[in-house]
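Protein chains in written order, with my numbering: chain Z, 7 to 328; chain S, 791 to 1039.
Positions of the beta carbon are idealized from the N, C-alpha and C atoms, including for glycine.
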């Protein structure tokens, strides 16, 4: 017997609550944009410029003592956070020290990093520094620009491609869904102040790819069904298409989520932000392919009757009866 | 998050403002109106208006998926668009007043608006003729200023009931669509004018809980056969809120 987690034939009415889900999505988008503008993002050094030093020690992390040790060096804005992770055993205490790029300098110099390490070792001789990353302020500015360009270029290219392959209504629906996913991800990063760095941009691009895949699968079935059922109301054809692809949709996102949840718990703190972004994106992306994308197509309507040619089809014999 | 959240939670008077949001949610749930009329006068009695009024715009986003979906079917798009556009053009002036007027004056204005709205409604006075475009736009503009300054964007529209020849259903739908979209679109205006701070934003998020819970409870309480009783209870609570809000205590 084959394993069936989702019944072969489902008959959910997905669009019964379409106005409510539409309202929910709009509210979430406004909230996310407001959070982004008001609270802002917790940019990592990729975007701010500066240096992060990871410390590891068998002694418990004492943030105040670390701060006191570094303060003498007069480095300006220094943030120290303890890293908690269930995979760390007893006696493995990790902290991240973030030093803002110094005024007038391209990056925190090797000398400064040595001084910081020496100051910390003076406090705790056992402390080691497994990783040190530096990004200059000029590079970080360029990184923000290229990140924004990457996301917008991806969206534009998808808009154009879906428009060619389907109809413009589908393309608008798909872009609305993608923008919804990206904005909601930025929103949750802003509200929970999760570190936003280049890995998050990579996650955003992954989310876009994942979500468009989901959307296109359902769109494709919809296009097929629109040809089969020419007089059935659009809502019903859409419902049928979503139901027919439901098993695939749930299986794909379910299995992806399984892997992501495992990574989220056991993957360690370095990639946690990245994994969280993708996990969130998978959930939101699945929701948006069914609701946001379809709702927009439903709102815009689809041309159903292609049998009659109009005068403007561009065919010189098109209007031969006139 | 935790820093900003605890900052918002430590603002004195938050428990009372949350209570105001809860009562406003219950009343809105069973009567279908009056959430700002109850929340604003009560909340400004316990916290500065610059905090609680922008915060409520965040909380009121709930309406986008609770009441708006049912209303959009019956809305008269032309009237609503005119109202919303004109209110948004004038809203920055209202937000400017919110940021600059001294607190006692704002509190007086709030209580007076609430009482002035309530009395003609209780006496059964209605503006009956169908308003033209210019009148509608002016009503929208006035509502925009009042909404920006006090969060009370509804009263003037209620008074001039944009009914004309429309059915009660359309009037109500117009009202819901106008109130919801006006306060949602007020958020970017408040952000750009600097009225929405991190603290305000978080207070708004925190209030989502009592307001949303109140909304659900209010809806569960409602029995269509006794609509009149619910309406009178709502009027009484609004009057009480206006009294609480008077800056004389």
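Taking the alpha-carbon positions, what's the residue 328 (chain Z) to residue 174 (chain Z) distance? Bear in mind that a pLDDT of 46 at residue 328 (chain Z), under 50, signals an unreliable position, so the number given afterwards is only what the model happens to contain. Distance between the alpha carbons of residue 328 (chain Z) and residue 174 (chain Z): 30 Å.
Shorter than 7 Å from the beta carbon of residue 44 (chain Z) to some beta carbon of chain S? So, interface residue.
Sort out for me which residues DSSP pairs residue 983 (chain S) with in a bridge. Paired residue(s): none; residue 983 (chain S) is not in a bridge.
For residue 303 (chain Z), which residues does DSSP report across the bridge? DSSP output for residue 303 (chain Z) lists no bridge partner at all.
Residue 182 (chain Z) beta carbon less than 7 Å from that of residue 302 (chain Z): yes
Name, in chain order, the residues that DSSP records as bridge partners for residue 134 (chain Z). Z:62
Would you say residue 30 (chain Z) lies against chain S (beta-carbon separation less than 7 Å)? Judged by the 7 Å Cβ criterion, residue 30 (chain Z) is in contact with chain S.
Give the single residue among S:943, S:862, S:958 whose Cα lies nearest to the Cα of residue 844 (chain S). S:943
Got a sec: which bits of the stretch 954 to 983 of chain S sit with their beta carbon under 8 Å from any beta carbon on chain Z, in order along the chain? 974, 977, 978, 981
Would you mind giving the Cβ-Cβ distance between residue 300 (chain Z) and residue 179 (chain Z), rounded to the nearest angstrom? I have them listed as a contact below 8 Å. With a beta-carbon spacing of about 7 Å, residue 300 (chain Z) and residue 179 (chain Z) fall inside the 8 Å limit used to define contacts.
Would you call residue 1014 (chain S) buried or exposed, if buried means 16 or more other Cβ atoms sit within 10 Å of its Cβ? exposed
For a cutoff of 7 Å on Cβ pairs, would you count residue 991 (chain S) as touching chain Z? Chain Z, which has a Cβ nearer than 7 Å to the Cβ of residue 991 (chain S), makes this yes.
Is residue 25 (chain Z) close to chain S, meaning its C-beta is less than 7 Å from at least one C-beta of that chain? yes
Cβ closer than 9 Å: which chain S residues qualify as neighbours of residue 264 (chain Z)? The premise fails here: residue 264 (chain Z) is roughly 27 Å from chain S at the closest Cβ pair, so nothing lies under 9 Å.
Leaving out five residues on either side along the sequence, give the residues of the same chain with a beta carbon under 6 Å from the beta carbon of residue 177 (chain Z). In the same chain as residue 177 (chain Z), and ignoring 5 residues on each side of it, the C-beta atoms closer than 6 Å to its own belong to 165, 168, 169, in chain order.
Please list, in chain order, the chain S residues whose beta carbon lies closer than 7 Å to that of residue 36 (chain Z). Under the 7 Å cutoff, chain S gives 851, 974, 977.
Alpha helix (DSSP H) runs wholly inside the stretch 214 to 269 of chain Z, at least 4 long, in chain order: none
Say the cut is 6 Å; is the CB of residue 141 (chain Z) nearer than that to a heavy atom of the ligand HEM? Because no ligand of any kind appears in the structure shown, any question about the ligand HEM cannot be addressed here.
CB-CB under 6 Å to residue 87 (chain Z), same chain, minus the five flanking residues each way: which ones, in chain order? 102
Around the C-beta of residue 80 (chain Z), are 16 or more other C-beta atoms found within 10 angstroms, so that it is buried, or is it exposed? Under the 10 Å beta carbon count, residue 80 (chain Z) is surrounded by fewer than 16 other beta carbons and is classified as exposed.
Give me the residue from S:1020, S:1002, S:829 with the minimum Cα distance to residue 822 (chain S). S:1020
When DSSP builds the beta bridges, which residues end up paired with residue 101 (chain Z)? According to DSSP, which records beta bridges pairwise, residue 101 (chain Z) is partnered with Z:61, Z:88.
Through-space distance from residue 878 (chain S) to residue 134 (chain Z), alpha-carbon basis: 58 Å
Between residue 183 (chain Z) and chain S, is any beta-carbon pair separated by less than 7 Å? Taking 7 Å as the CB threshold, residue 183 (chain Z) stays off the interface with chain S.
Hey, does residue 33 (chain Z) have any beta-carbon neighbour from chain S nearer than 7 Å? yes
Assigned exposure category for residue 257 (chain Z) - 16 Cβ within 10 Å defines buried: exposed
What does residue 848 (chain S) reach in chain Z if we use C-beta pairs closer than 8 Å? At a C-beta separation below 8 Å, residue 848 (chain S) has these neighbours in chain Z: 37, 40.
Checking contacts by CB at 7 Å: is residue 999 (chain S) closer than that to chain Z? Contact with chain Z is absent for residue 999 (chain S), since none of that chain's Cβ atoms lies less than 7 Å from the residue's Cβ.
Against residue 862 (chain S), what residues of chain Z qualify as contacts under a CB-to-CB distance less than 7 Å, listed in chain order? 25
Short of 6 Å in beta carbon distance, which residues of its chain neighbour residue 978 (chain S), apart from the five on each side in sequence? Order them along the chain. Cβ neighbours of residue 978 (chain S) beyond the five flanking positions: none.
Alpha carbons only, please: which of Z:41, Z:260, Z:122 is nearest the one belonging to residue 77 (chain Z)? Z:122
Against residue 871 (chain S), what residues of chain Z qualify as contacts under a CB-to-CB distance less than 7 Å, listed in chain order? Under the 7 Å cutoff, chain Z gives no residues; its nearest Cβ is about 16 Å from residue 871 (chain S).
Within chain A, the residues that residue 987 (chain S) reaches when beta carbons sit closer than 9 Å: No chain A is present in this structure, whose protein chains are Z and S.
Look up residue 899 (chain S) in the DSSP assignment and give the residues it is bridged to. Answer by DSSP bridge pairing: none, since residue 899 (chain S) is not bridged.
How long is the line joining the alpha carbons of residue 903 (chain S) and residue 945 (chain S), rounded to whole angstroms? 7 Å
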